[in-house]
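Just below is one structure, and these are the notes that go with it.
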Amino acid sequence: MLCLTVSDLSLSFGTTPVLEKVSFSLEETDRLGIIGVNGCGKSTLFRLIHGDLEPTAGNIYLSKGKTVGILRQDDAFDAGDSRQTVEERMLHAFPQLLAAEARLQELEAGDLKTGSDAAVKEYTDLHDRYVRDGGLEFRARCVSVLARLGFDENQRRQPVGTLSGGQRTRLALAVQLSREPDILMLDEPTNHLDIATLTWLEGFLANYRKCFMVISHDRYFLDRVTNKTLSIEHHRATLYQGGYTKSMAQRQTDREIAERHWRNQQREIARQEAYIAQQRAWNRERNIIAAESRQKMLDRMERLERPTADPRAIRMSFSEAIASGNDVLDVRHLTMGFPGRTLFRDISFLIKRQERALIIGPNGCGKSTLIKLILGQLQPLSGVIEEGYHVEIGYYDQENQHLTPENTVLDELWNAYPTRTETQIRQVLALFRFTGEDVFKEVAVLSGGERARLTLAKLMLSKMNLLVLDEPTNHLDMDSREALEAALEQFEGTIVMVSHDRYLIDKLATRILEVRPGDCFPGDLLDYHVDHPGHGYTEFTDYKNARIAERQAAVTGAATVAEVTTQKEQYLKNKQAAAEERKKKARLERLTKESHTLEAELDALEQELYGPAASNYVRAAEIDRRKQEIEDRLLEIYEELEG
34 MLCLTVSDLS LSFGTTPVLE KVSFSLEETD RLGIIGVNGC GKSTLFRLIH GDLEPTAGNI
94 YLSKGKTVGI LRQDDAFDAG DSRQTVEERM LHAFPQLLAA EARLQELEAG DLKTGSDAAV
154 KEYTDLHDRY VRDGGLEFRA RCVSVLARLG FDENQRRQPV GTLSGGQRTR LALAVQLSRE
214 PDILMLDEPT NHLDIATLTW LEGFLANYRK CFMVISHDRY FLDRVTNKTL SIEHHRATLY
274 QGGYTKSMAQ RQTDREIAER HWRNQQREIA RQEAYIAQQR AWNRERNIIA AESRQKMLDR
334 MERLERPTAD PRAIRMSFSE AIASGNDVLD VRHLTMGFPG RTLFRDISFL IKRQERALII
394 GPNGCGKSTL IKLILGQLQP LSGVIEEGYH VEIGYYDQEN QHLTPENTVL DELWNAYPTR
454 TETQIRQVLA LFRFTGEDVF KEVAVLSGGE RARLTLAKLM LSKMNLLVLD EPTNHLDMDS
514 REALEAALEQ FEGTIVMVSH DRYLIDKLAT RILEVRPGDC FPGDLLDYHV DHPGHGYTEF
574 TDYKNARIAE RQAAVTGAAT VAEVTTQKEQ YLKNKQAAAE ERKKKARLER LTKESHTLEA
634 ELDALEQELY GPAASNYVRA AEIDRRKQEI EDRLLEIYEE LEG
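Positions 34 to 676 (the working numbering) are the ones given, in order, by the sequence shown.
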């Protein structure tokens, strides 16, 4: 049953279009992921559906009685009553239940004692409605959601005004999750969440029995929780079945098919126009009649629009300085903390040249602190950090604190590299989507994504052989994330990076360092060397889960040879599945390459058929047979690619 229908929705600000003729429908249990570059209109679509904005044209239909909840990106800045505790803020998301509780208490203390029939009836009806609406469990649900989003008992009693931006974002998310509306809209809910909390949120949404829509740039997250994808580009929206990976494969196939149909039609139009011109040149009565007949056919033809190009992605590459020594970073017996709190103690690791070490762990465990220790910005309580020979560090700070708010975008980059010409600086900025008047924007008014791109532009121009990155994908859209991943893959130096982006970890990591790994592993650091780069996070998770299962079995005394064997078999099955997936991907790449070759040959044959071979019946017959073979093979390839 449909719960939401969006029909030909358009919004413009003056003459500037934001969305044009957006249409889609959602069933009661649909889980929709909304993707697109920063600024394409994703959050605006949410505001239109929620009623915060009026559309220029089109309609939005909500099924009768459906409730809507929304988590906005700026909810972290809405402190409301800053004196409320975290738990009080949660409970105030249920005003009707709180009012019912207060009225029930009034009746119990007053009219109910008199035995009044009216009071008894009111109490009975109100109590039944209170129970039906979840009054008996909503407090426990609030506490449970808060706990899973990282709020311990002390933090639940903390005033909202004392929370950090990240904590307020998680609180706003907790409020919406605990309300469980019929249509839940989440705008970037994964910001400020660590991997453990992300995993819990994925499980919550996977089991959510109502409709939800989520805007996110986390591809791993979208693949796990969504069954439909709405892609917004060039002000239009297209709905695909499946999560991010499946929908993007279908999007690419649709684009290639549309491009091919457009090119075929253009060739046919050119052929018909050449025929018309030839007939008119002969200028006999029957030739004029033939030309007019063909012209009428052309006029009736429904002209296809050429598929619009992909939104321009940023392009980057990192310049490596002279090669460092083989030992890049030697950390020995490092302990760090602050008064009253120890973050980690006695951790040691050695980073070798060309390793890509990803640092992970829960929020607050000390990942960013470890980065600052490596950079020398903080001093450890004990332990030693030694750089190797000829190590040149390039650093990306997730908070972009090294930008000057008063500078323009152009000045910010030019001041960092004053020997470059203005043309060179503008060329670099253009690679990061800063063009035209954008370069004169002040840094203070830039969005989070724009600040991240500017910081990456500054980093790209420096020369380094050790890249130290703290959450570089925060605020980046998917195209920008993919460009960053490609640049990091091509970088021949060493990488040390903090990240919660599991897709990026999976793709890049040759080594994973988990801070505060837990009771199943000795010490405060789990140092894992990846055997199969390209599947780093998946491999690490399998290893860790197997170790945890072995530990739990040993503690309960239930570990047996059969269970260990099962774990090993499961591990081997996972490896085999990964190998089969790689084979399948390689085959699809080969098929795609073959299709491009065959399409090019088909184009050449058609040109020859209507050109040199037009009067050569023998060659024309050969071409016709070859075209049939190619078309049959292309049909097989397209069916396999679409499957």
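All residues carry an ideal CB built from backbone N, CA and C; glycine is no exception.
Predicted model only: the values in this text are computed from it and were never measured.
Is residue i helix, strand or coil when you go by DSSP?
| i | result |
| --- | --- |
| R365 | strand |
| N297 | helix |
| A257 | Position check: residue 257 holds Arg in this sequence, whereas Ala was assumed. Helix at R257. |
| D63 | coil |
| A592 | Only weak support is given to the placement of A592: the predicted model assigns it a pLDDT of 48, under 50, and the question is left unresolved by the model. |
| L272 | strand |
| Q661 | helix |
| F465 | coil |
| M530 | strand |
| P128 | helix |
| P340 | coil |
| D557 | coil |
| L411 | coil |
| D166 | coil |
| M281 | helix |
| L521 | helix |
| P645 | helix |
| D636 | helix |
| L52 | strand |
| T454 | coil |
| D360 | strand |
| N448 | helix |
For the beta strand (DSSP E) that contains residue i, what are its first and last residues?
| i | result |
| --- | --- |
| T375 | 374 to 385 |
| G91 | 90 to 95 |
| D220 | 216 to 220 |
| V101 | 101 to 104 |
| M34 | M34 -> no beta strand (DSSP E), and no H or E assigned at all. |
| I347 | That residue, I347, is in no beta strand (DSSP E); it is neither H nor E in DSSP. |
| F245 | 244 to 248 |
Please look up how many angstroms separate the CB atoms of residue i and residue j, rounded, as I've assumed it's under 8 angstroms.
| i | j | result |
| --- | --- | --- |
| I407 | V476 | In fact, because the Cβ distance is near 26 angstroms, the residues do not count as touching under 8 angstroms. |
| Y273 | T262 | 5 angstroms |
| G13 | L509 | There is no way to answer for residue 13, as the model of the chain reaches only from 34 to 676. |
| N224 | T202 | 6 angstroms |
| L204 | P222 | The pair is not a contact, with the Cβ atoms about 12 angstroms apart (cut-off 8 angstroms). |
| S350 | N498 | Wrong, their Cβ atoms sit about 14 angstroms apart, outside the cutoff. |
| S56 | S43 | So it is not a contact: roughly 10 angstroms between Cβ atoms. |
| L217 | F245 | 4 angstroms |
| I265 | G72 | Actually they do not touch by this definition, with Cβ atoms about 10 angstroms apart. |
| T527 | Q387 | 6 angstroms |
| T441 | V472 | 7 angstroms |
| L462 | L446 | 6 angstroms |
| A449 | K491 | 5 angstroms |
| R257 | A229 | That belief does not hold up - the Cβ atoms of R257 and A229 are roughly 15 angstroms apart, past 8 angstroms. |
| I677 | L624 | Outside the displayed span of the chain (34 to 676) sits residue 677, for which this structure offers no information. |
Mind checking which residues open and close the alpha helix (DSSP H) that includes residue i?
| i | result |
| --- | --- |
| F171 | 171 to 181 |
| S76 | 75 to 83 |
| G399 | Where G399 is concerned, there is no enclosing alpha helix (DSSP H), given that its DSSP letter is neither H nor E. |
| I322 | 318 to 333 |
| F237 | 228 to 239 |
| Q188 | 186 to 189 |
In terms of DSSP beta bridges, what is residue i paired with?
| i | result |
| --- | --- |
| K496 | S352 |
| R544 | A390, H562 |
| V417 | R365 |
| F57 | V39 |
| G427 | L500 |
| E475 | T441 |
| G370 | T375 |
| L44 | L52 |
| T262 | G66, Y273 |
| T118 | P192 |
Hey, would you say the C-beta of residue i is under 7 angstroms away from at least one heavy atom of the ligand MG?
| i | result |
| --- | --- |
| K329 | Here there are no bound small molecules, and the ligand MG is not part of this structure. |
Exercise. Looking at C-beta atoms only, is the number of pairs between the stretch 532 to 545 and the stretch 359 to 378 that lie closer than 8 angstroms three or more?
Worked result: These segments do not touch.
Problem set entry | Cβ contact check for the stretch 465 to 481 and the stretch 393 to 401: 3 or more pairs under 8 angstroms | Touching, no, given that fewer than three Cβ pairs across the two stretches are closer than 8 angstroms.
Problem set entry | Cβ contact (3+ pairs, closer than 8 angstroms) linking the stretch 120 to 137 and the stretch 159 to 175 | Flag = yes, the stretch 120 to 137 and the stretch 159 to 175 touch.
Exercise. Are the stretch 71 to 84 and the stretch 183 to 196 in contact at 8 angstroms, needing three or more beta carbon pairs?
Worked result: No, the stretch 71 to 84 is not in contact with the stretch 183 to 196.
Problem set entry | Cβ pair count under 8 angstroms reaching 3, the stretch 655 to 667 against the stretch 630 to 641 | Cβ pair count under 8 angstroms is three or more, so yes.
Exercise. Does the stretch 539 to 549 come close enough to the stretch 373 to 390 that 3 or more CB-CB pairs lie under 8 angstroms?
Worked result: They touch, by the three-pair rule.
Exercise. Does the stretch 298 to 316 come within contact of the stretch 85 to 95, defined as at least 3 CB pairs closer than 8 angstroms?
Worked result: Not touching, per the Cβ criterion.
For this session: Determine, using beta-carbon pairs with one atom in the stretch 305 to 322 and one in the stretch 283 to 292, whether at least three such pairs fall under 8 angstroms.
Result: Output reads no: the stretch 283 to 292 does not touch the stretch 305 to 322.
Exercise. Does the stretch 606 to 615 touch the stretch 562 to 578, meaning 3 or more C-beta pairs lie closer than 8 angstroms?
Worked result: They touch, by the three-pair rule.
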